[in-house]
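Position 262 (the sequence shown) corresponds to 262 in the working numbering; numbering is contiguous.
Every residue gets a Cβ at the ideal spot worked out from N, C-alpha and C, and that includes glycine.
Small disclaimer: the values here were computed from a predicted structure and weren't measured.
Below: the structure, in structure tokens.
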Amino acid sequence: MIRPWRIGRALRRASTLALAGGLWLAVAVPAQATGSPDAHFTAPTTVWLQANGTQMLAQTFTAQNTGQLDQVDLPLGGMWNAAGKIYVVPAGSLVTDKPIAMAGSSVGSYAGAMSCCSLYRPYTIAAAYQVTAGGHYAIVIVPNPGTSVMWAVVRGGVYPGGQVWLGNQPTTWTYMANQVFDFKTYVTATSAAPAITVTRVKSDAPVTEGTAPTNSGTFVDALGLTAHLTASSGTLNYTPASSGTWTWTGLATDEGPSQTITIKADDVNGGTGQATFTTESNRKAPTATIHGAPASVKEGATITLTASAISDSADDNNGVFTFNWTATEYGNALPGSTGATYVLKVDDEGSYAVTLQATDDGGVPSAIVSVAIAAVDSKPTVSGLQVSNPMIVTTQQTLTFSGNSTDDGLTVDTAYKASWNFGDGNSSPLTAPPAGLTASHPYAAPGIYTATLTVQDDDGVTGSASTTVTVLSPLQALGKIGNYLQGLTDLKEGPKNSLQVKLNAAADSYQRGNTGAACNQMNAFINEVDADQKSGRVTTGEAGTLTDAARLTQRSMGCFRTLVEFLSGL
């Protein structure tokens, strides 16, 4: 908080306090400065600014000479417990810049009661702070927590070399316009700026192309000033200080000639220093890769392989790679290629090897990479299995079996044989397609059978597929005929029931062991179906289906007379 006081009121209050408790005490005066008077502002005033233990006061100034500032004279005031520090810190490059920080290695201190505001007291700054003529700096007063301090200020004063600032610890500042603190500085002039020592770890930092070069080192300012570093190229990382370390990273580039890198350092006093080193990007081979190569493939297949290459150098990757392919079959050379793809025709089972080498735009070849591909005999694929499919399948009924076969190796496997296994202990002989893909066979007993078609190529590799055949008993056949009959929607209930009665009677007779009666009842069923067809009660197709099913059922019953009649009608 800013608290202006008139000097008369302050003196009256100070006198009262002194008489009451002897609280205003004389302050010991430090030894006189060794330097000469430098930047200052001294004007009579009866006003001060006050800061408490959470605030700061600062006066920026412009140094008149280059040298070491070792003392400031200030008209401060405070109670018996007044105590704090006095810092000299940088204040930017302009007169209007605020103090950079409130802390540093150049510091003085005050303690004890001080009357304000015409008495200048000397304060030694240790270590002496290096200033440069024309440079901008600040005197910062930082009271201890729980205390306060006053600093004589001139309202309406004019000091072109700096400004008054009120702050909140540790870094917040507010500019106080049209005011100037009284102050004096003392500087011991120096004739030349001391050097800054810069070192580097490596005198030469070579790398392979595409890898960023790096180096590191240290810096020390002889006067303890803050040094600032720059690099002639690349990225430099460091923390501005009087001493420290630095690290440097260059750009990852293609192969090329060496470069010289300079790390320069300077401080506010004009001190300089530098270190140099060289770096060179050496060539590195790219890496080639073959894509799309299976570990094995069926004979007769065509494989398209794709080449790619990558380099640690971004320039190479943005350029053009060239490729060279070679291939062998059983060690015998096949035609090569120089494109980005290679087409391999696998003519037969066996071992194939394909190699690839990539070259970057700088003429640097990669290591040769290779893949091994095993061509295996392709397996015939069997599909499309069919069995002649009347409404029912019964014993002694000759069925026709058929199927299809394909083979990826058809161009090289030119001889095939096929055979049917009917699942009842019988099979057809191995026969070349198309004859071998088709066979006829009756089943002697009812049941569920698995029929399998097997196709074998000239290398003995086989493929197969299976289908299920359900052979019905006479009773099962009669039941299926009845189901079909009941599903005829155009046949009226009367004729339908009449036919169903005959089927039921045949089933009952056969179940009792009276095959002859069952056969006669099936003859009656066939005759009535014929009559219904002629009268238009059933269609020709429906009558044919019922008649064929009935005759097949008679055959499975052993109705030999109707069997002869059935065979003569085929």
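DSSP-derived helix/strand/coil call for residue i
i              : result
glutamine 456  : strand
tyrosine 330   : coil
tyrosine 87    : strand
alanine 26     : Only weak support is given to the placement of alanine 26: the predicted model assigns it a pLDDT of 33, under 50, and the value that follows is read from those uncertain coordinates. DSSP places alanine 26 in coil when its eight states are reduced to three.
threonine 540  : helix
leucine 430    : coil
valine 320     : coil
alanine 314    : helix
tyrosine 416   : coil
proline 79     : Looking at the sequence shown, residue 79 is not proline but methionine. Here methionine 79 sits in coil by DSSP.
proline 442    : strand
proline 365    : strand
leucine 69     : strand
glutamine 533  : helix
serine 556     : helix
glutamine 486  : helix
arginine 121   : strand
serine 473     : coil
glutamine 55   : strand
arginine 512   : coil
serine 498     : helix
leucine 503    : helix
asparagine 480 : Correcting the residue type first, residue 480 is lysine in the shown sequence and not asparagine. It is helical.
asparagine 421 : strand
methionine 522 : helix
Own chain, CB closer than 7 Å to residue i, minus 5 neighbours either side, in chain order
i           : result
glycine 161 : Ala39, Phe61, Thr62, Val95
valine 371  : Ile290, Ala293, Val354
CB-CB length for residue i against residue j, believed under 8 Å
i             : j                : result
leucine 491   : arginine 537     : 6 Å
glycine 167   : phenylalanine 41 : About 19 Å; that fails the 8 Å criterion.
leucine 453   : alanine 415      : Between alanine 415 and leucine 453 the Cβ distance is about 17 Å, and since that is not below 8 Å, they are no contact.
valine 187    : glutamine 59     : With 8 Å as the limit, valine 187 and glutamine 59 do not qualify as a contact, their Cβ atoms being about 16 Å apart.
threonine 147 : aspartate 70     : Not confirmed; about 26 Å, so no contact.
threonine 485 : leucine 499      : The question names threonine, yet the displayed sequence has leucine at residue 485. Leucine 485 to leucine 499, Cβ: 6 Å. Contact.
glycine 423   : alanine 465      : Contact flag wrong, Cβ pair sits at about 13 Å.
alanine 288   : serine 337       : Between serine 337 and alanine 288 the Cβ distance is about 14 Å, and since that is not below 8 Å, they are no contact.
alanine 91    : tyrosine 137     : 5 Å
valine 469    : leucine 399      : 7 Å
Spatial distance of residue i from residue j (CA atoms)
i              : j              : result
histidine 291  : aspartate 407  : 26 Å
lysine 85      : valine 149     : 11 Å
threonine 245  : aspartate 266  : 15 Å
threonine 54   : threonine 226  : 27 Å
methionine 557 : aspartate 457  : 43 Å
alanine 505    : glutamine 397  : 24 Å
asparagine 317 : alanine 212    : 16 Å
serine 105     : alanine 241    : 11 Å
serine 93      : glycine 250    : 31 Å
glycine 513    : leucine 488    : 30 Å
glutamine 169  : alanine 83     : 15 Å
alanine 445    : threonine 395  : 6 Å
aspartate 360  : valine 382     : 50 Å
alanine 231    : proline 206    : 17 Å
serine 440     : threonine 547  : 23 Å
glutamate 329  : alanine 314    : 37 Å
threonine 262  : glycine 319    : 31 Å
alanine 524    : lysine 502     : 7 Å
serine 535     : glycine 447    : 38 Å
alanine 432    : proline 495    : 52 Å
proline 429    : asparagine 389 : 23 Å
valine 88      : serine 233     : 35 Å
6 Å Cβ shell around residue i - same chain, five flanking residues per side excluded
i              : result
aspartate 73   : Tyr120, Pro122, Lys184
valine 364     : Arg283, Ala285
tyrosine 342   : Leu305, Trp325
serine 243     : Val220
cysteine 559   : Cys519
threonine 545  : Met391
glycine 384    : Gly403, Asn404
tryptophan 173 : Lys98, Trp165, Gly167
Contact set for residue i: own chain, Cβ-Cβ below 8 Å, skip 5 residues either direction
i              : result
alanine 222    : Pro194, Ala195, Ile196, Thr197, Gly271
leucine 49     : Ile2, Arg3, Pro4, Leu57, Met150, Trp151, Val153, Val164, Leu166, Met176, Gln179, Phe181
asparagine 215 : Arg200, Val201, Lys202, Ala205, Thr247, Trp248, Ile261, Phe277, Thr279
serine 109     : Ala83, Gly84, Lys85, Ile86, Tyr123
alanine 327    : Ala333, Leu334, Pro335, Gly336, Tyr342, Leu344, Tyr352, Ala353, Val354, Thr355
So within the segment 260-306, which uninterrupted beta strand (DSSP E) runs reach at least 3 residues, ignoring any that extend past its ends?
272-279, 287-291, 296-298
Can you list the beta strand (DSSP E) stretches of 3 or more residues lying completely in the segment 167-236, in chain order?
172-176, 179-181, 183-189, 196-200, 214-221, 228-231
Fully enclosed by the segment 117-164, which beta strand (DSSP E) runs are 3 residues long or longer?
Entirely contained in the segment 117-164, the beta strand (DSSP E) runs reaching 3 residues are, in chain order, 121-131, 136-143, 148-155.
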